[in-house]
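J.: Have a look at the structure that comes next, please.
Protein chains: 2
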Amino acid sequence: MNVELLLEYDGTSYHGWQRQKNARSVQQVLEEAINAITGENVRVIGAGRTDAGVHALGQVANFKTNTRIPLEKLPYAINNRLPDDIVVKRARAVPEDFHARLWAKAKVYAYTIHNASFPSPLIRNFAYFFPITLDVDAMKRAGSYFLGVHDFSAFMASGSAVKSCVRHIFRLEVNRQGDLIKIEVEANGFLYNMVRIISGTLLDVGLHRICPEEVASIIESGNRDMAGRTLPPQGLCLLKVVY
Amino acid sequence: MNVELLLEYDGTSYHGWQRQKNARSVQQVLEEAINAITGENVRVIGAGRTDAGVHALGQVANFKTNTRIPLEKLPYAINNRLPDDIVVKRARAVPEDFHARLWAKAKVYAYTIHNASFPSPLIRNFAYFFPITLDVDAMKRAGSYFLGVHDFSAFMASGSAVKSCVRHIFRLEVNRQGDLIKIEVEANGFLYNMVRIISGTLLDVGLHRICPEEVASIIESGNRDMAGRTLPPQGLCLLKVVY
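These protein sequence lines map, in sequence, to chains A and B. For what it's worth, the working numbering labels the leading residue of the first sequence as 855, then goes sequentially. For what it's worth, the working numbering labels the leading residue of the second sequence as 855, then goes sequentially.
As structure tokens, then:
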């Protein structure tokens, strides 16, 4: 049976999703929990390879199993073995060839900036604190230039090796609610650090260091140095995977 | 000079506000930070003695100092010495006889219940997870019986020694927003664990184990055993102190 899991996690204590040799990852902890209850040696495939410190409200993963634990009991059984910063919210059977990453049509990420005079202890692990007031209207205008199919080489961490840097951004919204500025991006795929570099660029726009119209030429340049800096991981959250 | 501070803190890693011999408290960490920058040996008075694991969005404290650090720079100077789970959001001069606790006319606490099928890693330290759907309308009706001046002995942790258990609750609101049920209570003072026991009683009302009208007789009984259980600390937050 091929099982799909819906996951939420607080990434603060993990070195990202992907299994690593000398660091604790979400994938590893999840696999160990599933192995413990099924007695199998499963391999879990995640839709998004979230980085160290990045969170997920709606990560999707799948794994093959012959377990006789009823599907509706599986989330409770797995959660029993998981630390409280990772939770399985749903388990369901999917076609044998379903692959959480390859089948994903789109993913939605949100980057949250806490734009206030003083940092907030209560949200410090879930937002990036920035004390200078940002011009959200300018950020909204800049956001529209990201929409559509582009080569996003300028918004990829250097050193990444991918075949193509062309991605399709379906939606990019910037909204302020009180002290929080939320940047929500939906795309058919993301390059390494792409949302964090887009957010860093929008932050520069909010500071009037980059004008909204300039975003078009930054994209066109394909030059990482033209875009803003990579904002830190704690502001980023994988909201949803669309199939 | 008598200085008033407005504080926010994540209480997860502290044994409450009050200085203790063998445990780390918010008061102690704050005093150490102020001592380090002023070179004085200050004593900080807090308005609310929050328990271990309880948070504050608007705790107020005061201390006497002869420091020559300008008031407007004081928050930044103190924050520089504080861990990132405590933040000073404001400092201002107050009358010499101002006392953060004795002068407080009212305090506002909020208790948050996360009422959903599965726990949420992202809010696990700031809400109490409860998986059975609660009847919020019944909880609202029950809430009205707490209003006014009552002897709240039934809603005080046993073993507390206070002169009088009479308190005045000015406002008690129960609201659901999505999966979160927020119980907000404003009173002229609170007994030990009072909000957590009120919230535990409202939870029983939400489960139809106690009917809303029964709250009046529970208050009248003065019997701790008649009220609900003490909900855990992480759901509680001191929102505001009114002077």
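Beta carbons: idealized from backbone N, C-alpha and C, even for Gly.
#1: Counting beta carbon pairs with one atom in the region 861 to 878 of chain B and one in the region 906 to 914 of chain B, are three or more of them shorter than 8 angstroms?
#2: Note down, in chain order, all residues in the region 938 to 950 of chain B with a beta-carbon under 7 angstroms from any beta-carbon belonging to chain A.
#3: Starting from T1055 (chain B), follow the alpha helix (DSSP H) in both directions and report where the run begins and ends.
#4: I'd like to check one pair, L1085 (chain B) with L988 (chain B): are the Cβ atoms closer than 9 angstroms?
#5: Would L956 (chain A) and V857 (chain A) be called neighbours here (beta carbons separated by less than 9 angstroms)?
#6: Taking 6 angstroms as the limit between beta carbons, can you name the residues of its chain near V948 (chain A), skipping five residues before and five after?
#7: So what does DSSP say about P910 (chain A), is it helix, strand or coil?
#8: How close, in whole Å, do the beta carbons of A992 (chain A) and V883 (chain A) come, if the pair is a contact with beta carbons under 8 angstroms?
#9: Apart from the five residues on each side of it in sequence, which residues of its chain come closer than 8 angstroms, Cβ to Cβ, to F1000 (chain A)?
#10: Is the region 969 to 977 of chain B touching the region 926 to 936 of chain B, taking contact as three or more C-beta pairs under 8 angstroms?
#11: Expressed to the nearest angstrom, what Euclidean distance is found between the alpha-carbon atoms of H968 (chain B) and I1035 (chain B)?
#12: Which residues does DSSP pair with G1002 (chain A) in a beta bridge?
#13: Could you check whether the Cβ of Y982 (chain B) sits closer than 9 angstroms to any Cβ belonging to chain A?
#14: Mind pulling the chain B residues with CB within less than 7 angstroms of L928 (chain A)?
#15: To the nearest angstrom, how far is the alpha carbon of I1064 (chain A) from that of T1055 (chain A)?
#16: With 9 angstroms set as the bound, which would you pick, yes or no: does the beta-carbon of Y863 (chain A) sit closer than that to a beta-carbon of chain C?
#17: What is the residue span of the beta strand (DSSP E) that E894 (chain A) lies within?
#18: Pull out every residue of the region 909 to 927 of chain A whose Cβ sits closer than 8 angstroms to any Cβ of chain B, in chain order.
#19: Note the first and the last residue of the continuous beta strand (DSSP E) segment covering V1096 (chain B).
#20: Taking all protein chains shown into account, do 16 or more other C-beta atoms lie within 10 angstroms of the C-beta of K961 (chain B), making it buried, or fewer, making it exposed?
#21: Could you give the C-beta distance for A954 (chain B) and I1037 (chain B), rounded to a whole number, given that I count them as a contact under 8 angstroms?
#22: By DSSP's criteria, R1030 (chain B) is part of a beta bridge. Which residues make up the other side?
#23: Under a Cβ-count criterion, where at least 16 other Cβ atoms within 10 Å of its own Cβ denotes burial, should G1089 (chain A) be classed as buried or exposed?
#24: Look at the alpha carbon of E894 (chain A) and the alpha carbon of E885 (chain B), and state the distance between them as a whole number of angstroms.
T.: This is what the structure gives:
#1: Judged by Cβ distances under 8 angstroms, the region 906 to 914 of chain B makes contact with the region 861 to 878 of chain B, as three or more pairs qualify.
#2: Of all residues in the region 938 to 950 of chain B, only D938, D939, I940, V941, K943 come within less than 7 angstroms of chain A when Cβ atoms are compared, listed by chain position.
#3: Taken as a continuous stretch (DSSP letters only), the alpha helix (DSSP H) holding T1055 (chain B) covers 1048 to 1060.
#4: Contact flag unset, no.
#5: In this structure, L956 (chain A) lies away from V857 (chain A), with their beta-carbon atoms at least 9 angstroms apart.
#6: Cβ-Cβ distances below 6 angstroms link V948 (chain A) to N856, E858 in the same chain, with the five nearest sequence neighbours on each side left out; the list follows chain order.
#7: Pro is not the amino acid found at residue 910 (chain A); the sequence shown has Ala there. The answer is strand: DSSP assigns A910 (chain A) an E or B state.
#8: Wrong, their Cβ atoms sit about 41 angstroms apart, outside the cutoff.
#9: Hits under 8 angstroms: I1023, L1026, V1039, I1052, V1069, I1073.
#10: The way I'd put it, the region 969 to 977 of chain B doesn't touch the region 926 to 936 of chain B; fewer than three beta-carbon pairs between them come closer than 8 angstroms.
#11: Straight-line Cα distance between these residues: approximately 6 angstroms.
#12: A:I1023.
#13: Among the CB atoms of chain A, none fall inside 9 angstroms of the CB of Y982 (chain B).
#14: The premise fails here: L928 (chain A) is roughly 12 angstroms from chain B at the closest Cβ pair, so nothing lies under 7 angstroms.
#15: Those two C-alpha atoms are separated by around 8 angstroms.
#16: No chain C appears in this structure, whose protein chains are A and B.
#17: First-last for E894 (chain A): undefined, no H or E at that position.
#18: When C-beta distances to chain B are compared with 8 angstroms, the residues of the region 909 to 927 of chain A below that value are H909, L911, in chain order.
#19: Unbroken beta strand (DSSP E) run through V1096 (chain B): 1090 to 1096.
#20: Buried is the call here.
#21: 24 angstroms between Cβ atoms; not a contact.
#22: Within the DSSP secondary-structure output, R1030 (chain B) pairs in a beta bridge with B:I1035.
#23: When all chains shown are included, G1089 (chain A) counts as buried.
#24: The straight-line gap separating the alpha-carbon atoms of E894 (chain A) and E885 (chain B) is approximately 53 angstroms.
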